[in-house]
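Shown next, in C-alpha cells, is the structure this report addresses.
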Amino acid sequence: MLQTESTAWVCRVPVATVWTAPEKARAVDAEGIAEHPNLNNWLRTMSREDKQDLVDSNRIQTQLLYGEPVLIEEVVNGWAKIIALWQPCQKDERGYPGWVPSSQLKEVENLTELGYARVTHHKAQLWTENFKPLKLVSFNTMLPVKEIADFIRLQTPDGDAFIMANTVEIVSAYNQSPKGNGLDIANLGAEFLDLPYLWAGMSSYGYDCSGFTYNLMKANGVIISRDAVDQVLEGIEIDLHAQNTWHIGDLLFFAYEEGRGKLHHVGVYYGNGLMLHSPTPGKAVEIIELAGTKHATELCAVRRFVDEEE
2 MLQTESTAWV CRVPVATVWT APEKARAVDA EGIAEHPNLN NWLRTMSRED KQDLVDSNRI
62 QTQLLYGEPV LIEEVVNGWA KIIALWQPCQ KDERGYPGWV PSSQLKEVEN LTELGYARVT
122 HHKAQLWTEN FKPLKLVSFN TMLPVKEIAD FIRLQTPDGD AFIMANTVEI VSAYNQSPKG
182 NGLDIANLGA EFLDLPYLWA GMSSYGYDCS GFTYNLMKAN GVIISRDAVD QVLEGIEIDL
242 HAQNTWHIGD LLFFAYEEGR GKLHHVGVYY GNGLMLHSPT PGKAVEIIEL AGTKHATELC
302 AVRRFVDEEE
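Per this note's numbering, residue 2 is the first one in the sequence shown, and the count goes up by one each step.
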C-alpha cells in the first residue's frame, strides 16, 4: 500500500475514525470500524459511559472525511498506520498520526487541476453517474472537481460522482477557502447548536471541542492545528483579562487548576460575554454565558485568527 507520485491513498468512507492503536477498538465499536461503517448506528449503540470511555481510555485520535488523503506508513493485520495530511499537529510535522482499518482506505489518481468542491451543508448527497444515491457526506468534505455545471462532477474513491452545486463551494486547494471574519465563524458555529459532542469528532455527526474550532476555521479559510494544545500556540495573543478587547470569533482556551494546569478545552467567543462550544460527552454544541461558570476561572488564553468584521 505504498503511494506513487501519480496516486494517493484517501478515506473511502463518509467518516473514518482514527484510533490510537488497533487494540483500542472495543466490541461496541464494530459499526465504526467496519468496511462500510454506520456512524449513526455506532453512536446510537454506545452508552454515555462508552462515549466517556473514548476519552478516559484515549481510544481515538481524530477522524477523516470522505476523500481526505493520508500517508500510509505500514499495514498490520488489516490496520493501516497513517498520517492525516490535512490535519496539522505537533505529534508529527507531516500531519495527524493514528490507525485506521485498511478497508476504509483506497488508492486514487491524483487530480487537482480544477480545485476542490467543499461541502457547505451539514450533509450532502453524492449521486452516481446514472443518478442513484451514492453516499451522504459530511460538512467540510472536499473532493477534486472534474467538471462544473448545475451538478458538479467529482472524483471520488467510488469513481466519478455528482453533487448539487448549491451544496458546495469551489476552492483552488484544500486550504484555500474564502477567508471569513469573526461573525462568519460565530454564525456558522451556531448552525450546529444541539449537535452531540463526540470525542475526536471531526464531522457533522459530532465534534469534540477542538474538532469544532478546527472545522469552523477551515470553512472560513484559516487552517489551524487539529488539537487545542497546538491551537493555543497559533494566531495572535489577546489579553485574556481585558474582555472588552475580545472580538467575536476569537478562540478561548481553558486549563485545569484555574488556568495554570493542563489545557483541556477550547471554544469560540460569541460576544457579550458568551461562548459557543462543543462541551463534553453527554452534552451538545451550545452557547453559554461565561460569568459564574468554571470556565471563567479556567480561562488561560485568547487567540485571534481573523478580523471581527470585514
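No residue lacks a Cβ here, since even glycine has one placed at the ideal position from N, Cα and C.
All of these numbers come straight from a predicted model, not from anything done at the bench.
Close Cβ partners of residue i (< 6 Å) along its chain, the five nearest in sequence each way excluded
i             : result
glycine 207   : Pro197, Leu199
aspartate 351 : Missing from the structure shown is residue 351; the chain here goes from 2 to 311 and no further.
leucine 318   : Nothing can be reported for residue 318, as the shown portion of the chain is limited to 2 through 311.
glutamine 156 : Leu112, Pro145, Lys147
glutamate 75  : Lys82
histidine 248 : Gly183, Glu309
Buried or exposed (CB count within 10 angstroms, at least 16 for buried), residue i
i              : result
glutamate 69   : buried
glycine 262    : exposed
leucine 137    : exposed
proline 134    : exposed
leucine 234    : exposed
leucine 194    : exposed
arginine 13    : buried
glutamate 299  : buried
isoleucine 149 : exposed
aspartate 209  : buried
Nearest-angstrom beta carbon gap, residue j and residue i [assumed within contact, 8 Å]
i            : j              : result
leucine 112  : valine 71      : Wrong, their Cβ atoms sit about 16 Å apart, outside the cutoff.
arginine 304 : leucine 252    : 5 Å
glycine 116  : valine 172     : 6 Å
alanine 201  : threonine 18   : 7 Å
threonine 63 : methionine 203 : 6 Å
Boundaries of the alpha helix (DSSP H) in which residue i is found, first to last residue
i             : result
lysine 218    : A small fix is needed here, since residue 218 is methionine in this sequence, not lysine. Run containing methionine 218: 210-220, per the alpha helix (DSSP H) assignment.
glutamate 50  : 49-57
tryptophan 43 : 40-46
Residue i: first and last residue of the uninterrupted beta strand (DSSP E) it sits in
i              : result
tryptophan 100 : 97-102
glutamate 24   : Segment: none, glutamate 24 is in no beta strand (DSSP E) and carries neither H nor E.
alanine 81     : 80-85
glutamine 156  : 152-157
Other residues of its chain near residue i: CB distance less than 8 Å, five sequence neighbours each side excluded
i                 : result
leucine 3         : Caution applies to leucine 3, whose pLDDT of 49 falls short of 50 and renders its modelled position unreliable; the value that the coordinates give is listed next. These residues qualify, in order along the chain: Ile73.
phenylalanine 152 : Trp128, Phe163, Ile164, Met165, Ala166
Sequence-distant residues of the same chain with beta carbon closer than 7 Å to residue i, five excluded per side
i           : result
valine 29   : Thr46, Met47, Asp51
alanine 162 : Leu127, Trp128, Thr129, Leu135, Leu155
Specify whether the region 297-309 and the region 181-197 touch according to this definition: at least 3 beta carbon pairs, one from each stretch, less than 8 Å apart. yes
Would the region 96-106 and the region 32-39 be scored as touching if the rule is three or more Cβ pairs under 8 Å? yes
Counting pairs of beta carbons, one from the region 44-51 and one from the region 85-96, are three or more of them closer than 8 Å? no
Taking one C-beta from the region 59-67 and one from the region 19-28 each time, how about it: are there three or more such pairs within less than 8 Å? yes
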